[in-house]
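Worksheet: the structure to be examined is printed underneath.
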Amino acid sequence: MSNPTVTRFAPSPTGYIHVGNLRTALMNYLIARKAGGTFILRIDDTDPERSKEEYVDGIKQDLEWLGLEWDRVERQSERLDRYHAAADDLRAKGRFYEAFETPTELDLKRKKQLNMGKPPVYDRAALNLSDSEKDALRAERGDGVWRFKLDHERIEWDDGILGDISIDAASVSDPVLIRGDGQILYTLASVVDDTEMGVTHVVRGSDHVTNTATQIQIMQALGNGAVPSFAHHSLLTGPQGEALSKRLGTLALRDLREQGVQPFALLSLMARLGSSDPVELRTDMAALVEGFDINRFGSAPTKFDVQDLFPLTGRYLQQLPLEAVKDDIIAMGVPEEKAAQFWAVTRENISTLKDLDAWWVMFRDGAEPVIAEEDREFVAQAMLLLPEMPFDETTWGSWTAQVKEATGRKGRGLFRPLRLALTGQDHGPEMAQVMPLLQNIKARG
Numbered sequence: 032m033s034n035p036t037v038t039r040f041a042p043s044p045t046g047y048i049h050v051g052n053l054r055t056a057l058m059n060y061l062i063a064r065k066a067g068g069t070f071i072l073r074i075d076d077t078d079p080e081r082s083k084e085e086y087v088d089g090i091k092q093d094l095e096w097l098g099l100e101w102d103r104v105e106r107q108s109e110r111l112d113r114y115h116a117a118a119d120d121l122r123a124k125g126r127f128y129e130a131f132e133t134p135t136e137l138d139l140k141r142k143k144q145l146n147m148g149k150p151p152v153y154d155r156a157a158l159n160l161s162d163s164e165k166d167a168l169r170a171e172r173g174d175g176v177w178r179f180k181l182d183h184e185r186i187e188w189d190d191g192i193l194g195d196i197s198i199d200a201a202s203v204s205d206p207v208l209i210r211g212d213g214q215i216l217y218t219l220a221s222v223v224d225d226t227e228m229g230v231t232h233v234v235r236g237s238d239h240v241t242n243t244a245t246q247i248q249i250m251q252a253l254g255n256g257a258v259p260s261f262a263h264h265s266l267l268t269g270p271q272g273e274a275l276s277k278r279l280g281t282l283a284l285r286d287l288r289e290q291g292v293q294p295f296a297l298l299s300l301m302a303r304l305g306s307s308d309p310v311e312l313r314t315d316m317a318a319l320v321e322g323f324d325i326n327r328f329g330s331a332p333t334k335f336d337v338q339d340l341f342p343l344t345g346r347y348l349q350q351l352p353l354e355a356v357k358d359d360i361i362a363m364g365v366p367e368e369k370a371a372q373f374w375a376v377t378r379e380n381i382s383t384l385k386d387l388d389a390w391w392v393m394f395r396d397g398a399e400p401v402i403a404e405e406d407r408e409f410v411a412q413a414m415l416l417l418p419e420m421p422f423d424e425t426t427w428g429s430w431t432a433q434v435k436e437a438t439g440r441k442g443r444g445l446f447r448p449l450r451l452a453l454t455g456q457d458h459g460p461e462m463a464q465v466m467p468l469l470q471n472i473k474a475r476g
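All letters in the sequence shown, in the order written, are residues 32 to 476 by our numbering.
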């Protein structure tokens, strides 16, 4: 019998979730849900200086907004004893050693290796230190960092996205797992958690490939059973292929929410972006789960354009019933008896709910008329024929028929100038539907 599927999302609470984080969270969530497994929210808060409780709360709020419900929460800051026990185990097995080089010394070593045409990996000089030399360095510099001693052999796995991966451990520096100030680093904490929590699948960015190789060896050294299945998704770029790293602060989920992006628009895009499947709007989680297949994603950098979210948001909103938006509509000042009519007229002409406000202002206060010089006399004559308010669904048809008869204009030459005069726009909802909602017309002068 196979083990139940367990995945995790392990954000660091040093900031808010952005679209890059979301991609990782969503893939792990969908894998767990499709298999009827467990999705763990694991807060990577081992850095006491940078981790903040407001970000922990923010991460949870963003996931809840999206509907990505976790089965349990773990805090790495509450598991430090487990990481220290693993460190003691590695020391006892001769796989953990203390090193004392300063960042400047390490940088000089790397430059020297590069000049000699060698890979810039740590030279393991610390392994040759005697106990007295370590004591002297400790007295001079304080505690050193603790590095995991890699076996210099090939590390291989079948990646769920990248395919067969093979990395020569000799080309990788022995990773630092504990800093000089005693802080447990991600690599060790993640290994201990993944094994002890029974994580079966790990999906993360392709910038973690080398890190995965070292983690596989650490797992094997600790003797903690089966290694998870790994998959490394491509990294997001901007629409022109530019790096997103400098823009991620503006692509936080809470910023997108503030701009009016709807959860299922964002989820629908991110569940397919970078795969061989087309992006399709999904309006419920079950459909997202059913349509997800990690094997259909590619390794090439994936272009992300925030503007793609607004047509999807608009399509999502169009299918909503009045009850889903009625409170928003009434809050803008639309009379309750006109809410259904207002939604029917505007729903197909918005990208976000924020757009509704501009429509209501136009209906309530009247739009600034847009009148071409050659249409001024025509519009003035038409306005004299416009009946008194209130209008109904027949007003547009009867009025334009009168204007046509009086002026001889027809087709686009008749309808477009009148729409522009009444709404300030050359496109939009059917004017027969717009007229009953108009409460003021500035074109009358």
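Every residue, glycine too, gets a C-beta built ideally from N, C-alpha and C.
- 9 Å or more divides the Cβ of residue 133 from the Cβ of residue 200.
- Shown here, residue 215 sits in a strand according to DSSP, grouped into three states.
- Secondary structure remark: continuous alpha helix (DSSP H) runs of at least 4 residues inside the segment 420-472, in chain order: 426-438, 443-454 and 462-465.
- Counting only runs of at least 4 residues, the segment 201-274 fully encloses the following alpha helix (DSSP H) elements, listed from N- to C-terminal order: 217-227 and 240-253.
- According to DSSP, residue 128 shares a beta bridge with 178.
- Nearest in C-alpha terms to residue 434, of all of 79, 376 and 414, is 414.
- For residue 72, the uninterrupted beta strand (DSSP E) segment begins and ends at 69-74.
- By alpha-carbon distance to residue 239, the top candidate from 470, 160, 190 and 106 is 190.
- Secondary structure at residue 116: helix, using DSSP grouped into helix, strand and coil.
- Rounded to whole angstroms, the gap between the alpha carbons of residue 407 and residue 469 is 21 Å.
- Contact fails between the segment 264-274 and the segment 286-294, because fewer than three Cβ pairs, one in each stretch, are under 8 Å apart.
- Between the alpha carbons of residue 64 and residue 38 lies a distance of about 10 Å.
- The C-alpha of residue 301 is placed about 34 Å away from the C-alpha of residue 372.
- The beta-bridge partner set that DSSP reports for residue 49 consists of 283.
- Membership of residue 38 in any alpha helix (DSSP H) is not indicated; the residue belongs instead to the beta strand (DSSP E) covering 37-40.
- By the criterion of a C-beta distance shorter than 6 Å, residue 427 is surrounded in its chain by 462, 463 and 466, once the five residues flanking it on both sides are discounted.
- DSSP, reduced to helix, strand and coil, places residue 188 within a strand of the structure shown.
- At the C-beta level, residue 104 and residue 284 stay beyond 9 Å of one another.
- A Cβ-Cβ distance of about 14 Å is found for the pair residue 117 and residue 178, leaving them out of contact under the 8 Å criterion.
- Boundaries of the beta strand (DSSP E) around residue 197: 194-199.
- The segment 381-393 and the segment 330-346 touch, with three or more beta-carbon pairs separated by less than 8 Å.
- Positions of the beta strand (DSSP E) runs, each at least 3 residues long and wholly inside the segment 75-111, are given as 103-106 in order along the chain.
- Short of 8 Å from the beta carbon of residue 34, and not among the five residues preceding or following it, lie these beta carbons of its own chain, in chain order: 229, 231 and 257.
- For residue 96, the closest alpha carbon among the candidates 223, 53, 457 and 114 is that of 53.
- In this structure, the CA atom of residue 124 is about 15 Å from the CA atom of residue 208.
- The closest CA to that of residue 412, considering only 394, 431 and 328, is found on 431.
- Straight-line measurement puts the Cα of residue 442 at about 32 Å from the Cα of residue 348.
- Contact between residue 330 and residue 260 is ruled out by a C-beta separation of about 17 Å, above the 8 Å threshold.
- Each of 387, 450, 336 and 445 was checked against the Cα of residue 356, and the nearest Cα belongs to 387.
- As the crow flies, the alpha-carbon of residue 397 is around 35 Å from that of residue 312.
- Here DSSP, grouped into helix, strand and coil, assigns residue 55 to helix.
- For residue 136 and residue 332, the gap between their C-alpha atoms comes out near 35 Å.
- Taking residue 62 as the centre and dropping the five residues before and after it, the same chain places the C-beta of 36, 38, 68, 232, 234, 323 and 325 closer than 8 Å to its C-beta, in chain order.
- A distance of 9 Å or more separates the beta carbons of residue 180 and residue 141.
- Secondary structure at residue 140: helix, using DSSP grouped into helix, strand and coil.
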